[in-house]
Amino acid sequence: VSFGDEITPDITEESAAVGSTVTLSCSYSSAQSLQWYRQYPGSAPQFLVLIMEGVKGNKTSDIDSRFSTKLRKEKQATKEIKRVDLIISSTAVSDSALYYCALKPTVTGNTRTLYKNLTQFSNFFP
Numbered sequence: 001v002s003f004g005d006e007i008t009p010d011i012t013e014e015s016a017a018v019g020s021t022v023t024l025s026c027s028y029s030s031a032q033s034l035q036w037y038r039q040y041p042g043s044a045p046q047f048l049v050l051i052m053e054g055v056k057g058n059k060t061s062d063i064d065s066r067f068s069t070k071l072r073k074e075k076q077a078t079k080e081i082k083r084v085d086l087i088i089s090s091t092a093v094s095d096s097a098l099y100y101c102a103l104k105p106t107v108t109g110n111t112r113t114l115y116k117n118l119t120q121f122s123n124f125f126p
């Protein structure tokens, strides 16, 4: 990822009825690729798909056929904006998760919460 790369989710939260189709979108400017991930609470992020500009077909994980992607390009002022849609058809309750897009590979092996427990101190006053 080079300096100046920007990535923006088009919406931050989406609700849908079971069986409907949901489209999640991320916009970015100068990068040549974008990845989508899904994360269930307490689990590591799961790679879903890599979309590369100018390459036919996408590198996907073993996600089911209800997931598809679409790359669109739009001119805005002085730069080109690329928008990648992650489309989930026939939604199910099991699709409820955090979905996010990234411009570079994301570490997916650490499922631990990243914090340090503080030691409790007792203060006694005379």
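Counting from 1, position 94 in the sequence shown corresponds to residue 94 in full-length UniProt numbering; the numbering is continuous, with no gaps.
Here a beta-carbon is modelled for each residue, glycine too, at the ideal position from N, C-alpha and C.
Cα-Cα separation between T23 and T12, rounded to whole angstroms: Translated into the one-based positions of the sequence shown, residue 23 becomes position 23. Translated into the one-based positions of the sequence shown, residue 12 becomes position 12. Rounded to the nearest angstrom, the two C-alpha atoms are 12 Å apart.
Label P41 either buried or exposed according to how many other C-beta atoms from any shown protein chain fall within 10 Å of its C-beta, with 16 as the threshold for buried. One-based indexing of the sequence shown puts residue 41 at position 41. Classification for P41: exposed.
Rounded to a whole number of angstroms, what is the C-alpha to C-alpha distance between G19 and R72? Within the sequence shown, the letter at position 19 stands for residue 19. Within the sequence shown, the letter at position 72 stands for residue 72. Spanning the two alpha carbons is a distance of roughly 25 Å.
Applying the criterion that 16 or more other CB atoms from any shown protein chain within 10 Å of the CB defines a buried residue, is S15 buried or exposed? Translated into the one-based positions of the sequence shown, residue 15 becomes position 15. It counts as exposed.
Span of the beta strand (DSSP E) holding Y40? As a first step, residue 40 must be located in the sequence shown, where it is residue number 40. That residue, Y40, is in no beta strand (DSSP E); it is neither H nor E in DSSP.
Could you compute how far the alpha carbon of K75 sits from the alpha carbon of I81? Start at 1 with the first residue of the sequence shown, and residue 75 comes out as number 75. Start at 1 with the first residue of the sequence shown, and residue 81 comes out as number 81. Rounded to whole angstroms, K75 to I81 spans 6 Å at the Cα level.
Collapsed DSSP secondary structure at D95 in the structure displayed: If you number the sequence shown from 1, residue 95 lands on position 95. D95: helix per DSSP, three-state reduction.
Since Q32 contacts E53 with CB under 8 Å, what's their CB separation in whole angstroms? Position 32 of the sequence shown, counting from 1, holds the residue named residue 32. Position 53 of the sequence shown, counting from 1, holds the residue named residue 53. Contact holds; Cβ gap of about 5 Å.
Classify L34: buried if its beta carbon has 16 or more other beta carbons within 10 angstroms, exposed otherwise. Position 34 of the sequence shown holds residue 34. L34 comes out buried.
Under a Cβ-count criterion, where at least 16 other Cβ atoms within 10 Å of its own Cβ denotes burial, should R66 be classed as buried or exposed? For the purposes of this step, residue 66 is taken as residue 66 along the sequence shown, with counting starting at 1. Looking at its Cβ environment, which holds fewer than 16 other Cβ atoms inside 10 Å, R66 is exposed.
Does the separation of the CB atoms of K79 and S25 fall below 7 Å? Against the sequence shown, residue 79 aligns to sequence position 79. Against the sequence shown, residue 25 aligns to sequence position 25. For K79 and S25, no; Cβs fall outside 7 Å.
Excluding the 5 residues preceding and the 5 following S89 in the sequence, name in chain order all residues of the same chain whose CB lies nearer than 6 Å to its CB. Against the sequence shown, residue 89 aligns to sequence position 89. Counting only Cβ-Cβ distances below 6 Å, and skipping sequence neighbours, we find T21 and R66.
Can D85 and K70 be called in contact, C-beta distance under 7 Å? Here residue 85 corresponds to residue number 85 of the sequence shown, with the count starting at 1. Here residue 70 corresponds to residue number 70 of the sequence shown, with the count starting at 1. Yes, these two residues count as a Cβ contact at 7 Å.
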